[in-house]
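Q:
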Amino acid sequence: MRINSWVIALLAWGLAFRGAIACFLQPGFDEAYYYVYTLHPSLSYFDHPPLVALTTAIGIWLTGGDVSQFSIRLGGVLLYTGTLFLFYLTSARLFSQKTATLSLAIATTIPFFQVGFGTLTLPDTPLMFFWSACLCLAAYEFFPPPTTSDPGDRDFIYRPTYRIAGIGLLVGLACLGKYHGFILGLGLVLFCLVSPAHRKVLRSPWTLAAIALFAIAISPILIWNWQHDWASFRFQSVRAVPQSGYNFEGLLVTFLAAVGYLFPTFGFPIWWVSLRSLGRILSNLKSQILRSSQAQKQILILSVSLPIFLGFTLMGGYRQILPSWHMPGFFGATLLLGQWAANIQTKYPHRIRNWVWGSGMTIAILLSLALLHVTNGIVQKGGDYAIAGGFWPAKDDPSTQLIDIQQLRQAFKNQSSLATAIANTDFVFSNNFFLAGQIAMAIAPFHKPLTTFDTDLRGFAYWSSASDWVSKNALYVTSDLFKYSDRKNLAELAELGANDLVQKLLPRLVDDKIEALEIYKNLFQAVEKIGEMNIIRGGQPVQVFHIYKCTKLLKPYPRPYGI
Numbered sequence: 003m004r005i006n007s008w009v010i011a012l013l014a015w016g017l018a019f020r021g022a023i024a025c026f027l028q029p030g031f032d033e034a035y036y037y038v039y040t041l042h043p044s045l046s047y048f049d050h051p052p053l054v055a056l057t058t059a060i061g062i063w064l065t066g067g068d069v070s071q072f073s074i075r076l077g078g079v080l081l082y083t084g085t086l087f088l089f090y091l092t093s094a095r096l097f098s099q100k101t102a103t104l105s106l107a108i109a110t111t112i113p114f115f116q117v118g119f120g121t122l123t124l125p126d127t128p129l130m131f132f133w134s135a136c137l138c139l140a141a142y143e144f145f146p147p148p149t150t151s152d153p154g155d156r157d158f159i160y161r162p163t164y165r166i167a168g169i170g171l172l173v174g175l176a177c178l179g180k181y182h183g184f185i186l187g188l189g190l191v192l193f194c195l196v197s198p199a200h201r202k203v204l205r206s207p208w209t210l211a212a213i214a215l216f217a218i219a220i221s222p223i224l225i226w227n228w229q230h231d232w233a234s235f236r237f238q239s240v241r242a243v244p245q246s247g248y249n250f251e252g253l254l255v256t257f258l259a260a261v262g263y264l265f266p267t268f269g270f271p272i273w274w275v276s277l278r279s280l281g282r283i284l285s286n287l288k289s290q291i292l293r294s295s296q297a298q299k300q301i302l303i304l305s306v307s308l309p310i311f312l313g314f315t316l317m318g319g320y321r322q323i324l325p326s327w328h329m330p331g332f333f334g335a336t337l338l339l340g341q342w343a344a345n346i347q348t349k350y351p352h353r354i355r356n357w358v359w360g361s362g363m364t365i366a367i368l369l370s371l372a373l374l375h376v377t378n379g380i381v382q383k384g385g386d387y388a389i390a391g392g393f394w395p396a397k398d399d400p401s402t403q404l405i406d407i408q409q410l411r412q413a414f415k416n417q418s419s420l421a422t423a424i425a426n427t428d429f430v431f432s433n434n435f436f437l438a439g440q441i442a443m444a445i446a447p448f449h450k451p452l453t454t455f456d457t458d459l460r461g462f463a464y465w466s467s468a469s470d471w472v473s474k475n476a477l478y479v480t481s482d483l484f485k486y487s488d489r490k491n492l493a494e495l496a497e498l499g500a501n502d503l504v505q506k507l508l509p510r511l512v513d514d515k516i517e518a519l520e521i522y523k524n525l526f527q528a529v530e531k532i533g534e535m536n537i538i539r540g541g542q543p544v545q546v547f548h549i550y551k552c553t554k555l556l557k558p559y560p561r562p563y564g565i
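Here this note's numbering runs 2 ahead of the position in the sequence shown, where the first position is 1.
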């Protein structure tokens with residue numbers, strides 16, 4: 003297959019644009035937390051499979067051990083270029099090179115795909131690479147080039163080959179990225195059940211090889227879970243269980259939020275094209291139309307996409323979902339959107355060109371403005387770089403949660419009291435596992451162990467035992483955003499055996515909150531504040547960090563799970 007210049011230009015542009023975002027956007031809570039994964043290599047982790055640790059570590063290794071927002075994202079930025087190329091190959095195999103180029107342009111432009119899959123260091127990055135590799139191999143396996151006796155239009159003939167085993171392996175590797183990979187596997191099984199020409203896969207010896215390779219691929223997460231009382235599987239499965247009644251307002255919000263993340267000019271068409279394709283298939287279940295290769299290609303795409311984006315959208319009616327949960331499904335459905343757009347382009351080329359180019363330029367401008375605001379506060383009221391004086395007070399701006407870790411790092415280097423304290427301490431801790439990730443990045447050059455003292459420990463519960471820190475000295479680092487505990491947290495402490503401490507603290511609750519510092523004062527021999535520092539953006543403080551010296555931990559902090 004000859005790769006045209008537009009494909010190279012799109013891949014290069016996407017790589018450069020995502021690289022710029024990765025360089026200047028401060029690390030988010032999740033990303034910084036996944037950096038801590040790299041400090042504790044393991045077969046798997048409490049909340050995710052292991053590949054996010056590898057993709058995060060790649061950039062740190064390539065940059066010679068530098069820990070920054072760019073280095074932790076570099077592996078993902080590079081890997082997503084491969085994801086897009088595999089996406090292009092899939093579309094070219096299923097439809098045509100012209101359709102594939104248009105589909106690639108759309109996938110390169112959609113904002114969530116650019117940032118969520120292609121820039122931030124998240125479990126979705128390795129998931130989508132192996133997802134795309136699997137779908138690409140499936141396209142080559144299930145739809146061989148037509149011959150003169152099989153024009154690919156009717157009475158499609160298919161015979162399973164060795165590629166089935168490779169598909170099983172790639173599904174397993176996708177599972178090592180994120181547990182969504184299991185749904186990919188179920189979608190492929192669904193396709194083989196629905197598509198008349200491909201049911202023979204389920205009886206093929208190659209399927210046994212696929213199952214074996216799949217089992218080998220997911221063995222790290224199976225071994226880790228077996229060693230840790232199936233903690234990760236239990237944690238993820240509980241999140242899918244309804245905790246209350248169904249809320250149609252939540253369903254609407256989930257639907258509209260997804261359209262916004264995709265950008266409306268792409269989000270609404272993806273829904274429309276997907277549901278239209280599903281409707282045609284359902285209306286022809288007993289028709290010979292389903293035996294055509296074109297229908298079966300749509301069945302393949304819908305089988306691996308619809309369960310994800312429709313299922314998680316419906317889940318939004320009974321619990322709040324993260325945007326990344328249903329985006330893999332929309333990524334697959336973009337293949338259908340590309341096919342539809344290519345068909346329209348033959349009649350109305352200017353409309354499709356204006357649609358893609360207009361959307362792309364608008365998205366690029368909006369993302370650039372958003373990046374400028376997050377880094378310099380261009381709409382921050384009173385900020386040095388604010389446009390027209392700004393209109394959004396920093397205290398009300400959620401983007402201030404993305405802290406500049408370099409500023410925090412410099413405080414530990416430049417303030418003599420903090421530099422001495424961190425040099426002489428045994429370990430560092432915070433009261434929130436997300437915040438602990440940002441702190442871990444900031445103190446990376448000091449090579450101090452870090453943990454979290456909270457009832458929601460996530461991976462920190464397995465990276466050390468509760469007794470490891472007893473009789474040792476610590477630095478407690480927190481921020482204004484996270485420094486409080488609430489009544490729920492105290493109730494959980496009471497359930498873990500700290501009822502005497504909780505009874506002492508309950509009368510001191512104000513608006514059902516209390517500083518976590520008050521908890522730690524009862525666990526250490528002495529606690530002393532030694533400094534604080536401001537995170538500055540646009541010449542204004544937007545976050546305040548507090549640092550305390552804690553002398554001799556008297557007893558382990560209670561843990562609900564872990565070692």
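Backbone N, C-alpha and C fix where the C-beta goes; we use that ideal spot for every residue, glycine too.
#1: Distance check for A59 and G77, CA to CA, integer angstroms please.
#2: Which parts of the region 197 to 267 are runs of the alpha helix (DSSP H), unbroken and 4 residues or longer, counting only runs that do not cross its ends?
#3: Taking one C-beta from the region 392 to 401 and one from the region 519 to 530 each time, how about it: are there three or more such pairs within less than 8 Å?
#4: Could you check what DSSP says for F547 in three-state terms: helix, strand or coil?
#5: Which whole-angstrom value is the C-beta distance of L215 and A167, which I expect to be below 8 Å?
#6: Pick from M329, D488 and R293: whose alpha carbon is nearest that of P198?
#7: Taking 8 Å as the limit between beta carbons, can you name the residues of its chain near V546, skipping five residues before and five after?
#8: I need the boundaries of the beta strand (DSSP E) containing R539, first residue and last residue.
#9: Is P113 buried or exposed, if buried means 16 or more other CB atoms sit within 10 Å of its CB?
#10: In whole angstroms, give me the CA-to-CA distance for D428 and D514.
#11: Could you say if the region 95 to 108 and the region 331 to 341 meet the contact criterion of at least three C-beta pairs nearer than 8 Å?
#12: If you draw a straight line from the C-alpha of P558 to the C-alpha of W471, how long is it?
#13: Count the other CB atoms within 10 Å of the CB of F131; is the residue buried (16 or more) or exposed (fewer)?
#14: Straight-line CA distance for G262 to L503?
#15: Just grab the DSSP bridge partners of E497 for me.
#16: Cα-Cα, which of D32, K202, L137 and G331 is closest to L171?
#17: Determine, using beta carbons only, whether D386 and G540 come nearer to each other than 8 Å.
#18: Can you give me the Cβ contacts of G174 inside the same chain, cut-off strictly under 6 Å, excluding the 5 residues immediately before and after it?
#19: Compare the C-alpha of N345 against each of Y181, H230, W232 and V275 and name the closest.
#20: A94 and W133 - do their beta-carbons sit closer together than 8 Å?
#21: Which two residues bound the contiguous alpha helix (DSSP H) that contains S418?
#22: Kindly list the residues whose CB is nearer than 8 Å to the CB of H200, restricted to its own chain and excluding five residues on each side of it in sequence; keep chain order.
#23: Have a look at Y550 and V430 and give me their C-alpha separation to the nearest angstrom.
#24: Looking at the structure shown, is D152 part of a helix, part of a strand, or coil, going by DSSP?
#25: If you check the beta carbons only, do L404 and A413 fall under 8 Å apart?
#26: Which ranges would you report for the alpha helix (DSSP H) in the region 283 to 333 if only whole runs of at least 4 residues count?
#27: Pick from Q71, W228, L204 and L86: whose alpha carbon is nearest that of S46?
#28: Can the beta-carbon of G439 be found less than 8 Å from the beta-carbon of F31?
#29: Quick one: is T150 buried, meaning 16 or more other Cβ sit within 10 Å of its Cβ, or exposed?
#30: Measuring CB to CB, does L566 end up less than 8 Å from L12?
#31: Could you check the C-alpha separation between V69 and I424 for me, to the nearest Å?
#32: Measuring straight from C-alpha to C-alpha, what distance separates A493 and F526?
#33: At which residues does the alpha helix (DSSP H) containing L459 begin and terminate?
#34: Are L86 and T110 closer than 8 Å when you measure CB to CB?
#35: In angstroms, rounded to a whole number, what distance separates the CA positions of L304 and G331?
#36: Ignore the nearest five residues each way along the sequence and tell me which others in G16's own chain have a CB closer than 6 Å to its CB.
A: On the basis of the coordinates in this document:
#1: Each residue's alpha carbon lies about 7 Å from the other.
#2: As far as the region 197 to 267 is concerned, its whole alpha helix (DSSP H) runs of at least 4 residues are 207 to 219, 221 to 229, 233 to 241 and 250 to 264.
#3: Verdict: no, contact absent.
#4: Under the three-state reduction of DSSP, F547 is assigned to strand.
#5: The Cβ separation is near 6 Å, so the contact holds.
#6: Of the listed residues, the one whose Cα sits closest to P198 is R293.
#7: Non-local C-beta neighbours of V546 in its own chain, meaning closer than 8 Å and more than five positions away in sequence, comprise S481, D482, E534, M535, N536 and I537, ordered along the chain.
#8: For R539, the enclosing beta strand (DSSP E) has its first and last residue at F526 to R539.
#9: Buried is the call here.
#10: Spanning the two alpha carbons is a distance of roughly 33 Å.
#11: With the cut-off at 8 Å, the region 95 to 108 and the region 331 to 341 touch.
#12: Taking the straight line from one Cα to the other gives about 7 Å.
#13: Answer is buried; the Cβ neighbour count reaches 16.
#14: Roughly 46 Å separates the two Cα atoms.
#15: BP columns for E497 are empty, so no partner.
#16: Among D32, K202, L137 and G331, the Cα nearest to that of L171 belongs to L137.
#17: When the beta-carbon positions are compared, D386 and G540 come within less than 8 Å of each other.
#18: Once the five neighbours on either side are set aside, the close Cβ partners of G174 are F216, A219 and I220.
#19: Closest option to N345, Cα to Cα, is V275.
#20: For W133 and A94, no; Cβs fall outside 8 Å.
#21: Taken as a continuous stretch (DSSP letters only), the alpha helix (DSSP H) holding S418 covers S418 to N426.
#22: Excluding residues within five positions, the ones whose Cβ falls inside 8 Å are F144, Y160, F193, C194 and Q298.
#23: Going by the C-alpha atoms only, they are around 10 Å apart.
#24: Since pLDDT at D152 reaches only 46, below the 50 mark, its modelled position is unreliable, and the value read off the structure follows with that caveat. Coil.
#25: In this structure, A413 does not lie closer than 8 Å to L404 by Cβ.
#26: Complete alpha helix (DSSP H) runs here, min 4: 295 to 317.
#27: Nearest option by C-alpha distance: W228.
#28: With respect to the 8 Å criterion, G439 and F31 are classified as neighbours on the basis of their beta carbons.
#29: In this prediction, T150 scores a pLDDT of 42, lower than 50, which makes its location untrustworthy; the coordinate-derived value is nonetheless stated afterwards. For T150, the number of other beta carbons within 10 angstroms of its own is below 16, and it is reported as exposed.
#30: Residue coverage of the chain in this structure runs from 3 to 565, which leaves residue 566 outside it and unanswerable.
#31: Approximately 18 Å, taken between the alpha carbons.
#32: Near 21 Å, if we compare the C-alpha coordinates of F526 and A493.
#33: Per DSSP, L459 lies in no alpha helix (DSSP H) segment and is marked neither H nor E.
#34: Going by C-beta atoms, L86 is nearer than 8 Å to T110.
#35: Distance from the CA of L304 to the CA of G331, rounded to the nearest whole angstrom, comes to 9 Å.
#36: Hits under 6 Å: T110.
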